[in-house]
Amino acid sequence: MKYITLIALFVLPSGMAWAVTYHGRATMGTFVSQEKHEPEPGDLTGRNDFATFSSRLYYKASEFYSNKNHLVLDLRDKHDFFDKLDKERQELSSSNEFQLRQLNFQHVPRRSGMVYKLGRFYEPKAGSSFIDGIGIGHRLSPKFEFMGFAGLNPKRQDQTYLEFDDKSQTYGLYVDYVRGYRSFSKDFTFTNALVVQQYDGEIDRQYLYNYFKYQTGFYDYFQTQIYYDFEPDGKIQNGVFTYNKLLFKRLRASLQYFAYDVIEYRRREDIREILDPSPYQEFRMTGKWHMTRSKLMTFRILSGKRSLDELDHNAVLLKLSLPRFFSRYVDAFVSGEHRKKFTKTGSYFGFGAGYFAKFIEVNAEVEYGKEIQTDGSELSPLLIELAGTYRFSSSLFGSLAFQAATDEKVQILTSFFKLTYRFGNQGIAPIRDGAAPRGRL
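Here my numbering is used: the first residue of the sequence shown is 4, the next is one more, and so on.
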């Protein structure tokens, strides 16, 4: 891998190569989906089957010439399906194409100094923007920085992939402030960005991105993430507002408001959803009671509405989680929910369990329900999800997942397998990427 680093850096002197730190991962996998539904007019088979192969390469080198320099390469399939079991894959082609997700050089000082990025880069501080161009700014301190950027726009709003487009431009500016605290239980972050996207000389989208978080304790915080569009319409395109509060020693509650546009709705919709995508708003209230270290009771009520047809979504959920109750390696849950979701009303029962150890993780979840459609028909939906990960070594692990969603009108079976190899001279985290043990959060 040392030679890969030398090639990627092109002109890196051999005497400096040993100072370079690098890491990366290569992923390969397959995805198979089978769908059988009631035939529609003109559809004689009532099937929608799909299979494809996918791969990805990510590579990052740092600390060459200076600890401020970084080189990033991210090459993946045009349609990346890993960890996204939803209907979006039904539009994919079995002959997948590669996309260059990132290829950039970054100069980012740790404390203060000039900041610049060149190439195709991703800028989350500007509302998850991708730019084929340059970004120049300044970090005044570890707490405060700003940057302006300009170039071509490789990802339009309605795309899930990136492609070169010389007719699509983007430019903008972000300001980021992070108040540092010695304690992880406190945080103050404020990020604002103004982004303009043009197509063929005309403004296609202009929006203000805002991220704000004020936290005074582990469970006491207020957080917002907003995309406010000026063009084509003046409105909140996507937004999330969260207020979380520790009421008593073992009881906490949260209030949330969500606003989605058509594109975000499509990404989040249920696997059995048949309605056309629509702008959507939702209010949600959640209470969590930590009965003991291994017993957690969750209560949730929500109310939402689609803008396209004024259909409602109302639900009440009660869930008992048992982290490390049966064993230090096992957690489980059981849940009951009653919901009226757009065109169907029903009650649902769910349960699941997971086993996690140093080399293996296995999870299983089942949900069964009885629901009535607006046309009077009755359905008995069953959803089964199985997933497992095995670590062959510190750098090689594989994952396998299976999902089945069935009722009297449709049967959907999906599965995928992926194999990931991680390399580099930096420390490699375990399977769960250094996350805290289950039941501790």
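Don't be surprised by glycine CBs; every beta carbon is placed ideally from N, CA and C.
Is it true that the CB of residue j sits closer than 9 angstroms to the CB of residue i?
i	j	result
residue 217	residue 195	no
residue 335	residue 356	yes
residue 27	residue 427	yes
residue 407	residue 386	yes
residue 325	residue 305	no
residue 311	residue 340	no
residue 209	residue 191	no
residue 358	residue 393	no
residue 412	residue 38	no
residue 424	residue 54	no
residue 338	residue 328	no
residue 243	residue 227	yes
residue 252	residue 223	no
residue 159	residue 202	yes
residue 239	residue 246	no
Does the beta-carbon of residue i have 16 or more other beta-carbons within 10 angstroms, so that it is buried, or is it exposed?
i	result
residue 288	exposed
residue 377	exposed
residue 229	buried
residue 379	exposed
residue 80	buried
residue 169	exposed
residue 25	buried
residue 185	exposed
residue 241	buried
residue 136	buried
residue 94	Residue placement at residue 94 cannot be trusted, given a pLDDT of 46 that sits under 50; what the coordinates show is reported in the next sentence. By the neighbour-count rule (16 or more Cβ atoms within 10 Å), residue 94 is not buried but exposed.
residue 237	exposed
residue 59	buried
residue 330	exposed
residue 235	exposed
residue 383	exposed
State the Cα-Cα distance for the pair residue i and residue j, rounded to the nearest angstrom.
i	j	result
residue 302	residue 255	11 angstroms
residue 126	residue 134	8 angstroms
residue 273	residue 397	36 angstroms
residue 258	residue 56	41 angstroms
residue 87	residue 344	Unreliable positioning characterises residue 87 in this predicted model, as indicated by a pLDDT of 41, which lies under 50. A coordinate reading is not provided.
residue 124	residue 104	8 angstroms
residue 292	residue 342	22 angstroms
residue 65	residue 108	10 angstroms
residue 349	residue 399	43 angstroms
residue 116	residue 164	33 angstroms
residue 151	residue 110	14 angstroms
residue 153	residue 72	20 angstroms
residue 308	residue 113	45 angstroms
residue 198	residue 221	33 angstroms
residue 148	residue 179	5 angstroms
residue 32	residue 188	39 angstroms
residue 420	residue 395	15 angstroms
residue 101	residue 250	50 angstroms
residue 417	residue 146	45 angstroms
residue 155	residue 193	27 angstroms
residue 390	residue 364	8 angstroms
residue 290	residue 375	28 angstroms
residue 369	residue 409	12 angstroms
residue 174	residue 200	7 angstroms
residue 388	residue 144	47 angstroms
Once DSSP output is grouped into helix, strand and coil, what is the label at residue i?
i	result
residue 265	helix
residue 291	strand
residue 270	helix
residue 127	helix
residue 35	strand
residue 237	coil
residue 169	coil
residue 434	In this predicted model, residue 434 has a pLDDT of only 46, less than 50, meaning its place in the structure is not dependable; the value taken from the coordinates is given anyway. Three-state DSSP puts residue 434 in coil, outside helix and strand.
residue 326	strand
residue 143	coil
residue 406	strand
residue 301	strand
residue 317	strand
residue 59	strand
residue 446	Because the chain spans 4 through 444 in this model, residue 446 falls outside it and cannot be assessed.
residue 3	In this structure the chain extends from 4 to 444, so residue 3 is not present and cannot be described.
residue 68	coil
residue 429	coil
residue 28	strand
residue 424	strand
residue 373	strand
residue 54	strand
Using 8 angstroms as the Cβ pair cut-off and three pairs as the minimum, do the region 276-286 and the region 250-266 touch? Result yes; three or more Cβ-Cβ pairs closer than 8 angstroms.
Do the region 69-76 and the region 138-153 meet, that is, are 3 or more Cβ pairs less than 8 angstroms apart? The region 69-76 vs the region 138-153: no contact.
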